[in-house]
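Numbering (the working numbering), first residue to last: 12 to 299.
Please read the structure below before turning to the comments.
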């Protein structure tokens, strides 16, 4: 029972970690929470589903879904957020919520409200791990998440663009004075974060189904993980996502599945009250 819940928690946590990366990357460069991120998660899953219906193999459908998420994030930044960078943060928040509502309703008009299941070559197979049968798709989710984390770590620390993203997170005006194209950095950051968020939606599609409002709670939990890890702290967001998934799974298994979603909200409130900078974050003095 305990091992079952632990595996389920790691799978959930992997998805929350991927979602948290998107929030954290955008916060790093703009100090802004993209509350439409959950709808990118949903949109990527629906594009993968549609591509599969058109006869594409699974790997191509998943790739198209991820690329569509990256494109959606890029377009949101270019068409809406870029024009509002100097606006009050409240205006950006309202714009993000508006985009989320538009995307949800658009998905319902295009695909309908009925849940659909994404295909997976691994879903019908189990693997024996220490005498316990584990669904191969769960293993697939964990492996993909680990690969994405390593690739992202390599990108951020070993590439020029990754270093430019880090520089922009420190001081975007100084970054521009150094000759770095800040607009390009911001657009790439949005695209990568959104692509990873879409991947999260695609990975859970075969397990938890695909429907227009699937991104609501997933987005809130990704946000909770990013706050737990410390806003702007990518490794912290990854670890916090795994922690949140495990805590949620144990609460569902040993208390009641009805409390699954409440766990994330309680954790968010406790973190904001006791350690607003997050578990792995640091208190930063801000010039006003």
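Even for Gly, the Cβ is constructed at its ideal location relative to N, Cα and C.
Note that this is a predicted model, so its numbers are computed, not measured.
inquiry  = Quick check on residue 242: does DSSP put it in helix, strand or coil?
reply    = Secondary structure of residue 242 (DSSP, three-state): coil.
inquiry  = Within a Cβ cutoff of 8 Å, which residues of the same chain sit near residue 38, ignoring the five residues on either side of it in sequence?
reply    = 44, 237, 242, 243
query = Are the beta-carbon atoms of residue 230 and residue 48 separated by less than 7 Å?
reply = yes
ask   = Taking buried to mean at least 16 other C-beta atoms within 10 Å of its own C-beta, is residue 115 buried or exposed?
value = buried
key: Residue environment, residue 268, which counts as buried when at least 16 other CB atoms sit within 10 Å   = exposed
task = Over the uninterrupted alpha helix (DSSP H) stretch that includes residue 91, give me the two end residues.
result = For residue 91, there is no enclosing alpha helix (DSSP H), as DSSP gives it neither H nor E.
Close Cβ partners of residue 67 (< 6 Å) along its chain, the five nearest in sequence each way excluded = Excluding sequence neighbours, residue 67 sits near nothing in its chain.
task = Keeping to the same chain, check which residues put their C-beta closer than 6 Å to that of residue 166; ignore five residues upstream and five downstream.
result = 173
key: Residues of its chain near residue 73, where Cβ-Cβ distance is below 7 Å and the 5 sequence neighbours each way are ignored   = 59, 213
ask   = Between residue 201 and residue 87, which are expected to be in contact by the criterion C-beta below 8 Å, what is the C-beta distance as a whole number of angstroms?
value = 7 Å
task = Would you grab the beta carbon distance between residue 27 and residue 256 for me? Rounded to a whole angstrom, and I think it's under 8 Å.
result = 5 Å
3-residue-minimum beta strand (DSSP E) runs that sit fully inside the region 83-163, ordered along the chain = Counting whole runs of 3 or more residues, the region 83-163 contains the beta strand (DSSP E) stretches 137-140, 143-146.
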